[in-house]
Each structure stands twice: as C-alpha cells, then as structure tokens.
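One structure is given here, and the rest of the page talks about it.
Protein chains: 2
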Amino acid sequence: MNYPQGTRRQTTANNRSNKSIVNFANRGMALESEINETNDYYLLTNKAIVHKKPTPIQVVNVHYPKRSAAKITEAYFQEKATTDYNGIYNGKHLDFEAKETKNKTTFPLNNIHRHQIDHMRSISAHGGICFMIIRFIAHNETYFILSDKIITYWDMMINGGKKSIPYETIKCEGHEIPFTYQAKVDYLSVIDQFYLSK
Amino acid sequence: MNYPQGTRRQTTANNRSNKSIVNFANRGMALESEINETNDYYLLTNKAIVHKKPTPIQVVNVHYPKRSAAKITEAYFQEKATTDYNGIYNGKHLDFEAKETKNKTTFPLNNIHRHQIDHMRSISAHGGICFMIIRFIAHNETYFILSDKIITYWDMMINGGKKSIPYETIKCEGHEIPFTYQAKVDYLSVIDQFYLSK
C-alpha cells in the first residue's frame, strides 16, 4: 500500500523513539523512509532541497464537523504522473524515483509506469539530473543509476526484449550509494563524484 | 477548500466540454486551473516540465472492497511544507506559489505560511528561479514577482511592518503576465524576457 509521506514518517519516528540501541534503528526501515531522512538531513544542513511529492489522492467527499478539522470520508489513490522526488542541488534540478526489489539477480521493469519513463526522458532532455535509486534487499546494496540507462532497457523491453535489468548490469552501469549515519542513502555523494563538473 | 489537483481539473474539463462558445470558457476559472492548463501546454510543446504538487493528505483508514479500488474512508488535509509548483525550464529549476486576491489595493501576506517563505528563501539561495504568481481579481491582472521581493515585505511584517504589499508595489516590482489562448498564464514569457541570460 502506498501511504502518503506523513503517515509513513510518523511511524518511523515512533519506531525510532521506542528503540534504545541506535545501531538497530535502521533495521526494517524501508528505502523510502531512509531517503526521507536523508533529505531532511540535506535540508537541515542546507546542502540540497529535495522533497517527496505527496501521493496524489482524489477527494470525493469531505465532512466538516463543528469546531474540528475537515474530515475526508471518501477518496481514492490516483496514479502518479511523475517520479516521487525532485528538488535542487548546486543550482541543478534533481529528479528521481526509488524502488526496492527482493529479486537477487534482476530488477523487474514492470513496476515503472510508462508516463514515469516519459517524465524521466523529458527531465534529462531539459538538463536535469534524472536517476533512479534501486535497492537490492537480498544484497543489502543500493544503487544510483541514471534514468537514461533505465530508459534504454525499457525501450528494449517495449520492442520485445527482456522485462528486467540484470543485477550485474546495474552494478556495472550504476554506482553503489554509500551509507552514513546521517545520510542513510547519500546519493549526493555519487552526484558530487560523477555528475558535477568541478 | 483546498481540493487536490485531480478534482479541480476534472471539474474544469467538464465545464469546458459543456460550453460551446470558446471565448466564454475562461470566465470564472480559478487561477490554479489556468496555471494547470498552461503547464499542460508547456509540457505538450516540450517547453518546460512543471507540475502542481498534490495536496498532502494524511490517510488514516482505507477500506479494500473486493474487486474494486481501495477506498479511503478517513483522511485529513495536511499543511504544505513547500510551494505548489516546481519543475525545470531551460536547465533551470523553477519553483513558485500562486495566489489570488479580491483586494483592490493590497496583497495580504497572511495567506503565505512561514515554512513556505523559508522554502522560497532556500530555493533562491540554491540558484533556482523562485517567484510568486499573484492575481488581482478586481483588476483582472496577474503578476510575476520574484520571491525575494515578497520575502523582503514578509521580513518587514515580522518586524512590526505592514501585513500586506500595496498593489502599486507589485505592479512596479513585478511584471504583468500576458494571457494567450494556449498559455493562459504565460509566466515563461516573463522569465524569457527578464530572468534568462541570452
């Protein structure tokens, strides 16, 4: 289920405050929560401004009780037209999507929607830094890979090719994202090293 | 009430298809709808990629009926942490908020939240083009004004100054946004003319 950012992050915060041993705090945290924490850290240290977009929800009915907040009583999740995250770093527009897979040998392409591919294609064409963050849960490895490379495989799939990208390809064409305590998915370090002209 | 993008735009589309005289189609359209249409046009013509962020909603209860889509039965609107729109144009990160007022002589500052001001301050500092689109309904005029200028007045307000910006100031320090049939709030034309180096 795709809960909006607020709900997920609250849960994470509660989990954390209930744990006394810091080293165990990350276990079981979803990639999304770790990226949100990383973005909070980037924001706090004024390094970059990146936010997760709220989940689009179509509101059908709203109830307005006296003296309390409007309550939505009927609404539906909508499909996303874009990627989940965007923002600005070092004057550059950033745009990315994050996915995790339990698959050990390949990353399946079927959970990326066509309009997300179209969106990523456009962002790159307009000069943004567009990428995906892919976590292989079984390997406990998280990769940064430019969306252009994902799109190449997507286009091959559309033309009858494989429906997934091999793990080895992502390892080779992407960059493993380092983990630090404060920036759990430190994707800016990859951008610094490989995609910003010094 | 702050309805999410989907609902508003559907309504607009319905209104339009029910009207046979094109010239009257814009009457009564909210600024938000016109900006959404403008962004659709920019997207379609591959000029810029700008999207309205969905309204953040905290989902509390979801019902999963058999054979149909998940239905949200309890949810609440959340306060926005950022501005409503962002995207990329000509390699530049764009970020803006849109407001309309019925006031003839001033633009009241009380409907801009502090964290939106903080957000705009950061975006400018990081090299993004950050601005507000302000419509004076009574004058039927829509202005582009850099967020830095808004922030100056906001800071004065915090220090005991006026709680609004005079209409004449916005007219003088901003730029009136032209209306064209396809780009009803053609804010990129202002950026082209004043804020992009040739």
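Protein sequences, first through last, are from chains A and B.
Numbering-wise (the working numbering), the first sequence opens with residue 21 and increments by one.
Numbering-wise (the working numbering), the second sequence opens with residue 21 and increments by one.
For each residue, glycine too, the CB sits at the ideal point set by N, CA and C.
Every value quoted in this text rests on a predicted model; they were computed, and no experiment measured them.
Find the residues of chain A that neighbour Ser167/B, judging by a C-beta separation of less than 7 Å, and give them in chain order. Correct list: empty, because the minimum Cβ distance to chain A is about 13 Å.
Confirm, please, whether the CB-CB distance from Pro76/A to Pro198/B is below 7 Å. At least 7 Å separates the beta-carbon of Pro198/B from that of Pro76/A.
Against Gly181/B, what residues of chain A qualify as contacts under a CB-to-CB distance less than 9 Å, listed in chain order? The premise fails here: Gly181/B is roughly 27 Å from chain A at the closest Cβ pair, so nothing lies under 9 Å.
Taking 7 Å as the CB-CB limit, is Ser142/B close to chain A? So yes, Ser142/B belongs to the interface.
Quick check on Ala118/B - is its C-beta less than 7 Å from some C-beta in chain A? no
Residues in the segment 87-102 of chain A with C-beta within 8 Å of chain B's C-beta atoms, listed in sequence order? Ala89, Ala90, Lys91, Ile92, Thr93, Glu94, Ala95, Tyr96, Phe97, Gln98, Ala101, Thr102
Measuring straight from C-alpha to C-alpha, what distance separates Ser53/B and Thr172/B? Straight-line spacing of the CA atoms in Ser53/B and Thr172/B works out to 29 Å.
Cα-Cα, which of Glu57/B, Ala50/B, Asn56/B, Tyr62/B is closest to Leu208/B? Tyr62/B
Under 9 Å from the C-beta of Asn131/B: neighbouring residues of chain A: Result: empty, since nearest Cβ-Cβ is about 17 Å, beyond 9 Å.
Ordered list of beta strand (DSSP E) runs contained in the segment 116-160 of chain B, each at least 3 residues: 126-128, 149-156
According to DSSP, what are the bridge partners of Asn81/A? Glu94/A
In the DSSP assignment, the alpha helix (DSSP H) including Tyr105/B goes from what residue to what residue? From DSSP, Tyr105/B is part of no alpha helix (DSSP H) but of the beta strand (DSSP E) over 105-109.
Spell out whether any CB of chain A is found under 7 Å from the CB atom of His146/B. Look at His146/B: its C-beta is under 7 Å from a C-beta on chain A.
Within 7 Å of any Cβ in chain B, is that where the Cβ of Thr83/A sits? Residue identity check: residue 83/A is His in the sequence provided, not Thr. By this cut-off, His83/A is not an interface position.
Starting from the beta carbon of Gly111/A, find every residue of chain B whose beta carbon is closer than 7 Å, and list them in chain order. His146, Gly147
What does Asn106/B reach in chain A if we use C-beta pairs closer than 7 Å? Within chain A, the residues Asn106 have their CB atoms less than 7 Å from the CB of Asn106/B, given in chain order.
Cβ of Ile69/B less than 7 Å from any chain A Cβ? Nearest CB-CB separation between Ile69/B and chain A: below the 7 Å threshold.
What's the C-alpha gap between Lys72/B and Asn56/B? 7 Å
So, at 7 Å on beta carbons, what are the nonlocal neighbours of Ile190/A in its own chain, with the 5 sequence-adjacent residues on each side left out? Phe127, Ile154, Tyr163, Ile165
State the DSSP-derived secondary structure class of Phe164/A, mapped to helix, strand or coil. Secondary structure of Phe164/A (DSSP, three-state): strand.
Opposite Leu114/B in the DSSP bridges: which residues? Leu114/B pairs with Gly107/B, Ile149/B.
Which of the three DSSP states is assigned to Val70/A in this structure? Strand at Val70/A.
Going by the beta-carbon positions, is the gap between Ile108/B and Gly111/A smaller than 7 Å? no
Check Glu193/B in the structure and name its three-state DSSP category. helix
Counting C-beta neighbours from all protein chains within 10 Å, is the total for Asn43/B 16 or more, i.e. buried, or is it exposed? Per-residue confidence for Asn43/B stands at a pLDDT of 38, beneath the threshold of 50, marking its modelled position as unreliable; no derived number is given.
On a Cα-Cα basis, can you pick out the residue from Tyr84/B, Asp115/B, Val79/B that is closest to Ala90/A? Of the candidates Tyr84/B, Asp115/B, Val79/B, the one whose C-alpha sits nearest the C-alpha of Ala90/A is Val79/B.
My assumption, with CB atoms under 8 Å, is that His195/B sits in contact with Val205/B. Please give the rounded CB distance. Contact doesn't hold; Cβ gap of about 12 Å is too wide.
Going by DSSP in three states, Ser217/B sits in which element: helix, strand or coil? coil
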